[in-house]
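Participant:
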Amino acid sequence: MNKALYSLIGYLLLPVMLLRLFIKSIKVPAYRKRISERLGFINEIPVPIIWIHCVSVGEFRASIPLIDALIKQHPAHRILVSTTTPTGSDALKQHYSNEVLHLYFPFDLGFIVKRYINKIKPDLCILMETEIWPNLIYALKQKHIPSILINARMSERSLEKYQKFASNLVNETLNNLSIIATQNQNSANRFILLGAQKDKVINAGNIKFDLNPQADTLTINALKKITNDRLVVTFASTHEGEERQIVDSFLKYQDSIDALLIIVPRHPERFNEVEKLVNHSNLTIARRSRVKSTTSAQFLLGDSMGEMMSYFEISDIIFMGGSLNDTGGHNMLEPAALSKPIIFGPTVFNFAEISSELLNNQGAIQVQNSDQLLTEIIQLLTDQKKSDQLGKNANQYFKSKQGAVNNLTNQINLLLNQKNNY
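Numbering (numbering that gives the first Met the number 0), first residue to last: 0 to 421.
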């Protein structure tokens, strides 16, 4: 595939992409709002801009240490963060209020991204992880605007797909970037295998290790009123199918589990679905948004936004979702930063290196299915020494990998200086 064919497919799919937003808005009305931004119809921003694109909540949270550093080092610039999802927008506004600007990310079509770029006129565009958008990156290069892919990751599975279906397009796009700053050396090697010039690729490390996660004290206190000194197990960022597995296994082992189980679905539109699932299993569940004091329920549904760190803080054990199905897992580093014992399932290709290193450092447990998950939880609930050691090992590993934000700001400063001297 080349860029012309990619663009043609994009034009043909534009009505489908718009329809998809309206379908999503049936469950999440925010998807039908500010659609004009996705089409490039935005107001001009008359101040110097550093543009960072984060897809959703996870990417935004990971970028916070970098955003904080850029705000401090570049006071003459405003930071603009774009997201794809309303949850990402909400998380940004909750954390930064009006200190950071927000827009929705444009569809990757030539006329749309050109209009978008002409309105915001960024001095630099920073893309997170796997956000490789051919038309956007090409348009930035044509405008002599430097672009950097940060925290870049490339799994073996993604490498094979790119090589099979779009090697020429990806090769061209990667070399239109100014810098590719990868999370680890394995990803760096894979980007080079895809055709990226070696002098563009650096192993800067993973900025998720530079997080300083802090939970809100008021939220923690509110959650403690609900849990009332019970042991707590949190199933974080779960996906469709995972909750069913967890509930079915809990039914087998519930007599051995003396703890409150908190389920926090990854997508807010699934809150009602998960509540019905637990109720239909003849189990009791309370909703965080509705219960204010002690609950005797077996499950608590984490249906509140922006409180994940507080759930982690009050937890005795944390299972990271997206790993009992084919999602590829979610970020294990936030609970590691809090010295919490971590469990994840068999499918963690999104965090292959981190999960492997956590296991090698005895900082996590990997299970193959939900029955094994529940038996490991039972063992940790009854073995405080083992639980504490797991959390301690995870935290030591987390601290040993810090430093990526400093590496990235050095590269960003070089690019901005080059832009100013152009």
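For glycine and all other residues, C-beta sits at the position ideal for the given N, C-alpha and C.
Do you know offhand how far Ala388's Cα is from Leu415's?
Facilitator: First, the residue type needs correcting, since residue 388 is Gln and not Ala in the sequence shown. Gln388 and Leu415: Cα-Cα distance of roughly 44 Å.
Participant: Between the alpha carbons of Lys120 and Gly362, how many angstroms are there, rounded?
Facilitator: Cα to Cα, the separation comes out at about 45 Å.
Participant: May I ask you to report which of helix, strand or coil DSSP gives Thr218?
Facilitator: It is helical.
Participant: Taking the beta strand (DSSP E) that Ile147 falls in, what are its first and last residues?
Facilitator: Unbroken beta strand (DSSP E) run through Ile147: Ser146 to Ala151.
Participant: Tell me which residue opens and which closes the alpha helix (DSSP H) that Ile116 is part of.
Facilitator: Looking at the DSSP string, the run of the alpha helix (DSSP H) that includes Ile116 is Gly109 to Ile119.
Participant: If Ser433 and Lys251 are in contact, beta carbons under 8 Å, what's the gap, nearest whole angstrom?
Facilitator: Nothing about residue 433 can be read from this structure; the chain reaches only from 0 to 421.
Participant: Straight-line CA distance for Ala90 to Glu241?
Facilitator: Distance between the alpha carbons of Ala90 and Glu241 is about 24 Å.
Participant: Roughly how far, in whole angstroms, is the beta-carbon of Arg31 from the beta-carbon of Leu20, given that I think they are within contact range, below 8 Å?
Facilitator: Right, their Cβ atoms sit about 7 Å apart.
Participant: Could you tell me the alpha carbon to alpha carbon distance between Met319 and Val200, rounded to whole angstroms?
Facilitator: Spanning the two alpha carbons is a distance of roughly 30 Å.
Participant: Take the Cβ of Gln383 as the centre, count every other Cβ of all protein chains shown within 10 Å, and call the residue buried at 16 or more, exposed below.
Facilitator: That one is exposed.
Participant: Is Tyr10 buried or exposed, if buried means 16 or more other CB atoms sit within 10 Å of its CB?
Facilitator: Tyr10 is exposed by the Cβ-count criterion.
Participant: Assign Arg471 to buried or exposed, taking buried as 16 or more other Cβ atoms, counted over all protein chains shown, within 10 Å of its Cβ.
Facilitator: Not covered by the structure: residue 471. The range shown for the chain is 0 to 421.
Participant: Give the list of continuous beta strand (DSSP E) stretches no shorter than 3 residues that lie fully inside the segment 231-256.
Facilitator: Fully enclosed beta strand (DSSP E) runs of 3 or longer: 231-237.
Participant: Rounded to whole angstroms, what's the CA-CA distance from Ser355 to Phe164? Just pull it up for me.
Facilitator: Rounded to whole angstroms, Ser355 to Phe164 spans 29 Å at the Cα level.
Participant: What residue range does the alpha helix (DSSP H) around Leu38 cover?
Facilitator: Counting along the chain, Leu38 falls outside any alpha helix (DSSP H), and DSSP gives it neither H nor E.
Participant: At 3 residues or longer, and completely inside the segment 310-353: list those beta strand (DSSP E) runs for me, N to C.
Facilitator: The qualifying runs are 316-319 and 341-343.
Participant: Helix or strand or just coil, what does DSSP make of Phe270?
Facilitator: Of the three classes helix, strand and coil, the one that applies to Phe270 here is helix, per DSSP.
Participant: Under 8 Å: do the segment 191-208 and the segment 224-237 share three or more Cβ pairs, one atom per stretch?
Facilitator: They do not touch, by the three-pair rule.
Participant: In angstroms with no decimal places, state the Cα-to-Cα distance between Asn484 and Ile261.
Facilitator: The question about residue 484 has no answer, for the chain in this structure spans 0 to 421.
Participant: Could you check where the alpha helix (DSSP H) with His94 kicks off and where it finishes?
Facilitator: From DSSP, the alpha helix (DSSP H) with His94 extends over Pro85 to Tyr95.
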